[in-house]
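Sequential numbering from 742 applies to the sequence shown in this note's numbering. Ideal placement from N, C-alpha and C gives every residue a C-beta, glycine not left out. Note that the structure is predicted; figures quoted are calculated from it, not measured.
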Amino acid sequence: MDIKQLRYFHEIVKHGKVSRAANSLYVSQPSLSMSLSKLENEIGFKLLERNDGTFKLTDAGAEFYKHVKLVLSIFENMEDEVEYIGKRGSGQLKMGITELFRAVIPELFDIFLESNNNFDIKLTEGTTSHIIDQLRMHQLHFGLTTLSYLDEDMESIYLGPNIHSLLVHRDIPLSELNNVSLQNYQNHTLIFSEGSYELNEFLHKNNLKFRNVIRVDTIGTAVRLVKKGLGIAVMPELYASNYTDDDVTSISLDYDLKGPDLYLSYMKNRYFTSDIEKFINVTKEYLEN
């Protein structure tokens, strides 16, 4: 079994027909069929079955295909890395984050580039599930996300609780206080992200009703609304306390309001260069403090 066989198999599954896969790969149909037959003989079970003129995965083939996609992703990533180093003479840091870590990225990148100024950086942003998928496909070195549960195939380092705080416009008097009670400010408009299910439950449990409620999709939108003076926003403290802007300020709440905990994750047995490994430790220490 070799990479070429796996690529041929992948293309047949992708296109559903040997003829289409052959056109995509610029090879003859007989050579493609022969490669598939040889692969099935080597592994000892049927991968595909013909159905109405197209190929469909068998149950065993479907399981095998999951591993093929991972192997091809890792191999293609390695090829990209080798080509990148050959052209640039250095490496590339590939890191993933969810939105609430966005405010700490400038400081982290400044730390990294200070001692690795010949490196390039590729930052991927998305949901927790997207970042985890990218880690599994070896498209990222590590990711910063919230996690509700831990996966056995992944090394996940606990960074701390995802405490929520209040972001307010500096013109609002409560911006001079700490440990604010939301009950005293129900005459304001409350802004929060639709994904804050813990906050929805919290408001209902404490019978909190605000003048208006603005629900948004992202923390960034909530920040812009606060800057405009349209209300007060409850959001992760990590984002709020690291967001530097003269128009807004972050205030602690006197409630134990939390989201899923904060984690730094990477695949077990993943190889890192010493520079990447050092930066993972620096990131961990920075976010734990």
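Handout entry: Closest residue to His910 among Asp988, Ile852, Tyr1007, Asp997 (Cα-Cα distance)
Key = Asp988
Exercise for the section: Could you tell me whether the Cβ atoms of Thr865 and Gly837 are closer together than 8 Å? Expected result: yes
Problem - 8 Å Cβ shell around Ser814 - same chain, five flanking residues per side excluded - result: Met878, His879, Gln880
Practice task
Could you have a look at Leu876 and say whether DSSP puts it in helix, strand or coil?
Solution key: helix
Problem - Where the alpha helix (DSSP H) containing Thr1024 begins and where it ends - result: Run containing Thr1024: 1015 to 1029, per the alpha helix (DSSP H) assignment.
Practice task
Please work out which residues of its chain come closer than 7 Å, Cβ to Cβ, to Val812, disregarding the five sequence neighbours upstream and downstream, and give them in chain order.
Solution key: Leu747
Handout entry: DSSP state of Ser856 mapped onto helix, strand, coil
Key = helix
Exercise for the section: Would you identify the three-state DSSP class for Lys758, choosing helix, strand or coil? Expected result: In the structure shown, Lys758 sits in coil (DSSP, three-state: anything other than H, G, I, E or B).
Practice task
Would you mind sorting Pro847 into buried or exposed? The rule is 16 or more other CB atoms within 10 Å of its CB.
Solution key: exposed
Handout entry: Cβ neighbours of Gly970 in the same chain (closer than 8 Å, five flanking residues each side left out)
Key = His910, Asp912
Exercise for the section: Go ahead and label Ala762 buried or exposed: buried means 16 or more other beta carbons lie within 10 angstroms of its beta carbon, across all protein chains shown. Expected result: buried
Practice task
Following the continuous alpha helix (DSSP H) through Thr962, name the residue where it begins and the one where it ends.
Solution key: 960 to 968
Problem - Distance CB(His882)-CB(Tyr984) smaller than 8 Å - result: no
Handout entry: Nonlocal neighbours in the same chain, by C-beta distance under 6 Å from Phe842, ignoring five residues either side
Key = Leu885
Practice task
Output yes or no for whether 8 Å exceeds the beta carbon distance between Val845 and Leu940.
Solution key: no
Exercise for the section: Could you spell out where the alpha helix (DSSP H) holding Ile784 opens and where it closes? Expected result: Ile784 -> alpha helix (DSSP H) spans 770 to 784.
Exercise for the section: Measuring alpha carbon to alpha carbon, tell me which of Leu1003, Glu840, Asn903 ends up nearest Gly961. Expected result: Glu840
Practice task
Could you name the residues of the same chain whose beta carbon sits closer than 8 Å to that of Lys863, not counting the 5 residues immediately before and after it, in chain order?
Solution key: Gln833, Leu834, Lys835, Met836
Practice task
Would you mind working out which of Asn903, Ser760, Thr930 sits nearest Thr795, comparing C-alpha positions?
Solution key: Ser760
Practice task
Quick one: give me the first and last residue of the alpha helix (DSSP H) that Leu979 is part of.
Solution key: 978 to 983
Handout entry: Own chain residues within Cβ distance below 7 Å of Ala963, not counting five before or after
Key = Ile932, Phe933, Ser934, Val957, Ala974, Met976
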